[in-house]
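The structure appears right after this line, and notes come after that.
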Amino acid sequence: MSYSRRCLLLQGTILAAAIVSGCATAPERQPQPTLTFEEHTLRIPLTVQANGSVSLAESPPLIGRIDLSPILKAEGISAAAKIRPVVQLMVHYGRFYVVADGFRSVWEITPQPGSSAASYRSIPIAADGGARPVKDGRLSRFGSSQSSCLRLDRANGPPIFITPKGEAANACP
Amino acid sequence: MPARKGLFLALLLLLAGNRLRAATVEADPHELYTRASKDLTRGDLPAANAALARLHAVIKSSPGWDPEGVFARELLPPLETRLKRLESVADKLDRFSTMALEELHPPDPLKDTSTVRNYTDWVTSVVRRLRAERDRIIAADLVNPEERAILSRTESYARSQRLLETDALRKMGIAAGDDIIGLLAGDPNQESILLRFRQLKLELMQAVADRDRLNGEVGRYQQALAAAGMTLGAGGRLETVA
């Protein structure tokens with residue numbers, strides 16, 4: 001082995017050792033600190049405007065506007081009907097949940113911080129094994145401080161619980 | 174055959190009743206809280222008390238309804254404090270009304286040879302004194318104008334108002350009416366006063382009768398609404414009772 005090759009090998013070994021030792025001493029990523037956080041509202045009834053939006057300013061201190069048109073369309077409900085639909089909204093740990101008479105799902109709206117957009121998804125609720133629309137639905141919180149669910153009571157079926165994982169269940173885990 | 178028909182009808186009614194019962198959702202803490210707040214705002218203190226008692230029972234029997242104790246620790250105490258304060262003042266007003274009515278003694282026309290003018294003065298001064306006394310009771314215990322406004326919608330306040338508006342006059346009318354008429358009758362100089370006094374007495378009796386009749390009608394409408402599962406909410410709107 002020539003001198004230059006031995007030098008290269010030595011340099012490589014030193015470099016490898018430095019990398020390994022460097023990795024070993026690099027600061028470990030600390031888990032983010034947490035603090036006590038309870039955030040929710042009582043249920044808020046909101047009247048849907050003809051354009052399918054609701055104004056949060058109906059229930060101060062919340063202000064703003066949510067366009068529910070895609071949700072109403074999916075539920076087959078017309079916002080322009082003579083009797084304006086009234087939806088029930090509840091804020092539960094940063095997410096908004098919406099339901100109304102005639103809905104077949106509870107809708108979860110997740111705001112995208114720093115923008116005027118929010119993602120949304122339906123959480124289907126099957127009443128009596130079928131897909132009967134909600135009648136006289138009422139959103140509440142239910143559970144414990146370790147596992148707080150959203151509870152939907154209705155006149156045409158047993159209560160439904162939206163678990164912390166965002167699934168519909170017959171009981172709050 | 175008629176017996177069978179009757180049995181069939183009874184079964185039908187029973188089924189319909191069960192279906193109606195099943196179609197209602199049990200009142201939850203949020204609803205009871207809202208109901209208690211509304212009842213309190215419209216001055217129905219016993220109803221507010223009943224809703225709060227029911228709410229306590231619900232969260233005690235099923236703590237899941239109040240996961241972080243938000244109702245028990247944060248929402249209910251201020252409402253209950255306000256309710257207790259209002260109930261205490263309402264009690265004082267009730268005692269005041271009872272005592273004031275017992276102590277109302279119109280002047281005796283035969284002993285004092287009073288005239289209608291004296292009676293008017295008596296009623297005016299008594300009503301003024303009682304009103305000031307009542308307002309002092311309220312001002313001493315209720316600083317918040319909103320709470321004073323709520324108190325003015327309570328039955329106790331209405332009772333004190335009746336005392337000032339009609340009961341004092343009624344008592345005067347009962348005590349003095351016949352005596353005054355007897356005293357003034359035959360005196361041509363007092364004939365016009367006598368006539369006016371009779372008119373006033375009739376109007377007063379008519380007003381009291383109208384008020385009693387209207388109260389009765391309101392009671393009947395409220396019962397009919399309650400039987401239909403409805404109640405009269407804020408702004409006179411019909412609301413469903415769960």
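Heads up: the sequence lines are chains A and B, in that order. Just so you know, the numbering used here puts 118 at position 118 of the first sequence, and the rest follows in order with no gaps. To get the numbering used here, take the position in the second sequence, counting from 1, and add 173. Even for Gly, the Cβ is constructed at its ideal location relative to N, Cα and C.
Phe161 of chain A is not a Cβ neighbour of Arg154 of chain A, given a cutoff of 7 Å.
By alpha-carbon distance to Val98 of chain A, the top candidate from A:Ser116, A:Leu46, A:Ala50 and A:Ala117 is A:Leu46. Chain-order list of chain B residues neighbouring Asp101 of chain A: empty, with the shortest C-beta distance near 12 Å, by a criterion of under 8 Å. Taken atom to atom, the span from the alpha-carbon of Pro173 of chain A to that of Asn317 of chain B is near 45 Å.
In its chain, beyond the 5 residues on either side, Leu62, Ile63 and Gly64 have a beta carbon closer than 6 Å to the beta carbon of Leu56 of chain A. Exposure of Gln146 of chain A is indicated by the presence of fewer than 16 other C-beta atoms within 10 angstroms of its C-beta. CA-CA distance, Trp107 of chain A to Arg304 of chain B, rounds to 57 Å. In terms of beta-carbon proximity, His278 of chain B stays away from the interface with chain A, with every pair separated by 7 Å or more. By the Cβ rule, the stretch 265 to 273 of chain B does not count as touching the stretch 72 to 80 of chain A, because fewer than three pairs are nearer than 8 Å. Listed by position along chain A, the residues whose Cβ is nearer than 8 Å to that of Pro240 of chain B are Arg141, Phe142, Gly143, Ser144, Ser145 and Ser148. The alpha carbon of Gly76 of chain A has as its nearest neighbour, out of A:Asn170, A:Phe103 and A:Glu38, the alpha carbon of A:Phe103.
Counting only residues of its own chain and dropping the five nearest sequence neighbours on each side, Arg121 of chain A has a CB closer than 6 Å to the CB of Glu108. Contact annotation: in the stretch 97 to 126 of chain A, no residue has its CB less than 9 Å from a CB in chain B. Taking a beta-carbon distance threshold of 7 Å, Leu35 of chain A does not count as an interface residue toward chain B.
The beta carbons of Pro202 of chain B and Leu228 of chain B sit about 6 Å from each other, so the pair counts as a contact at 8 Å. By the criterion of a C-beta distance shorter than 7 Å, Val296 of chain B is surrounded in its chain by Ala341, Leu342 and Met345, once the five residues flanking it on both sides are discounted. By the neighbour-count definition (other C-beta atoms within 10 Å, threshold 16), Gln88 of chain A is a buried residue. For His92 of chain A, the enclosing beta strand (DSSP E) has its first and last residue at Val86 to His92. With the rule of 3 Cβ pairs closer than 8 Å, the stretch 201 to 215 of chain B counts as touching the stretch 237 to 245 of chain B.
If only complete runs of 3 or more residues are kept, the stretch 37 to 117 of chain A shows the beta strand (DSSP E) at 44 to 47, 53 to 55, 65 to 67, 86 to 92, 95 to 100 and 105 to 111, in order along the chain. Against chain A, the CB of His203 of chain B has a partner CB under 7 Å away; the residue lies at that interface.
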